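Okay, structure first, notes after.
Numbering (my numbering), first residue to last: -13 to 349.
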């Protein structure tokens, strides 16, 4: 097992490097880098940016701006010396290969440079906004699994019954409603939109949170997180529930289940003592995608609607403003977290089913 873990950890290095190379090339080819953005602002023709570029790009790299910015239409009419100064300021006076290698060298020590738009260290920005994304991702994933797994098991046991049909209808209706639309509905109903004003509309905590005692801090936190989390999970039940149901249905009809029942074991013992371990393997395999998806890619609109300043909103603004230090650093962190989570998931297979031993595999 230890050899397998070491191999997987070593495999992370080339995989992460390849992902960064591909994304660097793609962004390198995209028009409208930081230099073009600042030139457009100087000429008064900028569109779509959510914030002005701050100074002090310094030696930060990680970009994909067109190296020939002075030949672009946005650069016409400006002093070439100004353009050269901008390229040096943002680190685009170096060849693309040199910029990429310098970026990866700094990323190995988690030095992500400074944000172009915020003029602050990227690590500091991520630390400030991570609690919001972790809160949304953690509670959404936890609630989804706590509801979907028991529901899927019960649907498998009562397959074809009125309960099965009714719950399938409900969860697929929820799945068909976009999370942002459901978020707006929650605001209208419960956040002072038209009817009741039971929940707050902004932020992760109240302004006076620091002055509260710990019990009230916890209550205040959950008071703020209730509506965003509800909006996120409403469409997440369908996939996990149906995956659980189908996995259990497949296992229930196998010979070892028939044998267990013939021995006189109770239905509960059959389901949770024999079927559960085998059926849950597929559900566990889906956990990394579900967690990473909710944590990093599924929260932008929810963060915007509920005025939560998290990583989703930060990443969106970085893409609009071509803030490459944020774009590449978040990609680096997300990819690294995703691969480590996948490794942890593989290891949990052995907890669910001790018969699985990755240490005996050749890869």
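C-beta atoms are modelled at their ideal positions from N, C-alpha and C, and glycine is treated no differently. Source: prediction; values computed, not measured.
Asked                                                                                           : Found
The alpha helix (DSSP H) enclosing residue 298, as first and last residue numbers               : 297 to 307
Residue 134, enclosing alpha helix (DSSP H) - first and last residue                            : 108 to 143
Expected contact under 8 Å - CB spacing of residue 130 and residue 219 to nearest Å             : 5 Å
Top-ranked residue by Cα proximity to residue 173, from 164, 186, 161                           : 186
Reference residue 224; option with closest CA among 259, 74, 175, 135                           : 135
Which listed residue (258, 232, 109) has its alpha carbon closest to that of residue 100        : 109
Candidates 331, 1, 312, 182, of which the one nearest residue 98 by Cα                          : 312
Residue 188, DSSP secondary structure in three states                                           : coil
Alpha helix (DSSP H) runs wholly inside the segment 174 to 261, at least 4 long, in chain order : 200 to 219, 223 to 238, 241 to 248, 253 to 256
Cβ distance (whole Å) where residue 247 is taken to contact residue 256 below 8 Å               : 6 Å
Pair within 9 Å by beta-carbon distance, residue 238 and residue 142                            : yes
Closest by C-alpha distance to residue 188, when choosing among 197, 209, 200                   : 209
Inter-residue CB distance, residue 288 and residue 230 (contact presumed, cutoff 8 Å)           : So it is not a contact: roughly 25 Å between Cβ atoms.
Buried or exposed by the 16-neighbour rule on C-beta atoms within 10 Å, applied to residue 368  : The requested residue 368 does not occur in the structure, where the chain is confined to residues -13 to 349.
Residue 205 and residue 177 closer than 9 Å at C-beta                                           : no
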